[in-house]
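Engineer: Structure incoming, see below.
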Amino acid sequence: MRELPWPARIYFVAIIGAAVYLLAHCILAPEWTADIHWPTLLVLGLLFLVCESVPTLLNVPQAAVSVSYSAALAAVVLVGAEGAALVGLMAVLSVRPGLAVVKRLFNGAQFVICGYAAGRAFELAGGVPGLPEITDFPGILVPYGAATAAFVAINVALTAMILLLVGGLGRHQVALRGMVQFLGSYVGYATFGLLIAGLWATVESISTVLVLLPLFVARWALGHYHAEQRSYDATIAALCQAVETKDYYTRGHCTRVSAASGMIAEEIGMGAERLQAIRYAGMLHDVGKLGVPTKVLQKDGDLTEEEYAAIQLHPMRGLEIVRGIDFLDEAFAGIMHHHERVDGKGYPMGLAGAEIPEFARIIAVADAFDSMTSDRAYRKAKPIDVAVGELLKNAGTQFDPIMVSTFIKALSRDGWHPPQTTPAPSDDVVETTAKDHDDPTMPIQVVSER
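Using UniProt numbering, count along the sequence shown one by one with no gaps and you end on 450.
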């Protein structure tokens, strides 16, 4: 609690206070306590606790998804808003390893609020808490949908607010994107709550066992999927590290190009799968440098035509290296064509305008921007406004003007954190690239061999 900033502390206390008020209202309501079926409430509470204690980690930092709300939504139908609030309180008793007391209390409080709000939404939409009858279907679907929408929306809003107050949305935007990305999964898992309530009329508490098995099979599948995604990311990171060992000054370049490419892709409304692919493409855009002789990359002075041709082949070399990695999908086009120019004077194929794949047009802007705003062996990093000016200057010739304007818009909204000034390494420690084919302000000089 001490490490929280004051706004976060006030918000935390407010959420705890609201939850305590709702719980007191539930417990002290005589009409509800007289009618409640306590064994049902106990079974649903235990189901919620089990699910909350074993969440599935997502493929983003500090984010996990729990299917415990299935039990909370089942409680909305079977025992009403008050019962759903009490079921949500079980989050405080979660045995999830490493969960701090502050997080445990906040989770319990926000689940109390979400459960109670979902119950009220269920009733306002025409639902009647209690054991559903066969004649209640399909009429119960609308009230249950309202309860699900209320629960998920309030859960996301309360969590987003605490993240904002703790460290700013910028710090936690990846985790928030993960939550939004899996809204469909939240709604899908919510159907298990309705299934529990529907089966309760025939097999009572055994319905939780019947639902729990497919619930955890689904959880295992989701966890396996994200473990696979983390394995993909580790593979990409290893390839990037191999590329960056060739040049001291390009440390982190791949990661920054990936981030800038993602900014552009998000601004133009790219879907989640393509957004992941463009980030992979940004990470691997220079992987073909592994196929270029180090002495050519690090040559101090003009290149011969043969040496320049070797550099121009690096996009094709990159495609050869990664073409066996199936999950890259559209990223191949970005890797292959990120040095094409809209005026047709680029390489390796001399494509022009709309002939250049969208991924390649995005990466070209991101690549050049990071090159200009990073230290190089032959110059210091340029200020952001100077780099933006160079992008605008070359828009319509080297760069797609739409991608340039889109990036500038995203830049003004999200900002940019260029790498820290890199001290020059001693010559006997590491060699560095003397010139940069990605920098539009410092073109490589080529001399004829004839």
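We put the CB at the ideal spot given by N, CA and C, even for glycine.
Of all the options Pro348, Met372, Arg341 and Leu141, which has the alpha carbon lying nearest to the alpha carbon of Pro401?
Structural biologist: Residue mapping note: residue 401 aligns to position 401 of the sequence shown, counting from 1. Here the closest residue by C-alpha is Arg341.
Engineer: What residue range is occupied by the uninterrupted alpha helix (DSSP H) comprising Gly334?
Structural biologist: Residue numbering aside, residue 334 sits at position 334 when the sequence shown is read from its first letter. For Gly334, the enclosing alpha helix (DSSP H) begins and ends at Ala331 to His337.
Engineer: What alpha helix (DSSP H) runs, 4 residues minimum, are completely inside the region 241-273?
Structural biologist: For the region 241-273, whole alpha helix (DSSP H) runs of length 4 or above, ordered along the chain, are 253-267.
Engineer: Between Phe151 and Ala118, how many whole angstroms is the CB-CB distance? I'm expecting something under 8 Å.
Structural biologist: For the purposes of this step, residue 151 is taken as residue 151 along the sequence shown, with counting starting at 1. For the purposes of this step, residue 118 is taken as residue 118 along the sequence shown, with counting starting at 1. Their Cβ separation, rounded to whole angstroms, is 4 Å, which keeps Phe151 and Ala118 in contact under 8 Å.
Engineer: With 16 as the cutoff for other CB atoms within 10 Å, does Ser412 come out buried or exposed?
Structural biologist: For this step, residue 412 is matched to residue 412 along the sequence shown. Result: exposed.
Engineer: Quick one: is Glu320 near chain D, going by C-beta distance under 8 Å?
Structural biologist: No chain D appears in this structure, which consists of one protein chain only.
Engineer: Using 8 Å as the cut-off, can you tell me whether the region 346-353 makes contact with the region 221-231, which would need three or more C-beta pairs spanning the two stretches below that distance?
Structural biologist: no
Engineer: Looking only at its chain, what residues have a beta carbon closer than 6 Å to the beta carbon of Asp329, apart from the 5 residues adjacent to it on each side?
Structural biologist: One-based indexing of the sequence shown puts residue 329 at position 329. Same-chain partners within the cutoff: Ala277.
Engineer: With a CB to CB cut of under 6 Å and the five nearest residues on each side skipped, what residues in its chain are close to Phe111?
Structural biologist: Indexing the sequence shown from 1 puts residue 111 at position 111. The answer, listed in chain order, is Gly88 and Ala91.
Engineer: Determine the closest residue to Val102 out of Arg9, Ala368 and Met316, with distance taken between C-alpha atoms.
Structural biologist: The residue given as residue 102 occupies position 102 in the sequence shown. If we check each option's Cα against that of Val102, Arg9 comes out closest.
Engineer: Apply the 10 Å Cβ neighbour rule to Val20 and answer buried if 16 or more other Cβ atoms are within range, or exposed otherwise.
Structural biologist: Position 20 of the sequence shown holds residue 20. Counting Cβ neighbours within 10 Å, Val20 comes out exposed, since fewer than 16 surround it.
Engineer: Measuring alpha carbon to alpha carbon, tell me which of Leu73, Leu290 and Ser68 ends up nearest Lys246.
Structural biologist: Numbered from its first residue, the sequence shown carries residue 246 at position 246. When only C-alpha atoms are compared, the closest one is Leu290.
Engineer: Out of His37, Leu392 and Phe122, point me to the one whose CA is closest to Ile140's CA.
Structural biologist: Position 140 of the sequence shown holds residue 140. With distances taken between Cα atoms, Ile140 lies closest to Phe122.
Engineer: Classify Thr373 as helix, strand or coil using the three-state DSSP reduction.
Structural biologist: Taking the first residue of the sequence shown as 1, we reach residue 373 at position 373. Correct three-state label for Thr373: coil.
Engineer: Roughly how many angstroms lie between the CA atoms of Val388 and Ile408, to the nearest whole one?
Structural biologist: As a working mapping, residue 388 is identified with position 388 in the sequence shown. As a working mapping, residue 408 is identified with position 408 in the sequence shown. Taking the straight line joining both Cα atoms gives about 7 Å.
Engineer: When we look at the beta-carbon of Leu284 and count the other beta-carbons within 10 Å, is it buried (16 or more) or exposed?
Structural biologist: Position 284 of the sequence shown, counted from the first residue, corresponds to residue 284. The residue in question, Leu284, is buried, as its Cβ has 16 or more Cβ neighbours within 10 Å.
Engineer: Leaving out five residues on either side along the sequence, give the residues of the same chain with a beta carbon under 6 Å from the beta carbon of Ile321.
Structural biologist: Stepping through the sequence shown from its first residue, residue 321 is reached at position 321. Around Ile321: Val287.
Engineer: Please name the residue or residues paired with Phe399 in a DSSP beta bridge.
Structural biologist: For the purposes of this step, residue 399 is taken as the residue at position 399 of the sequence shown. Paired residue(s): Ala395.
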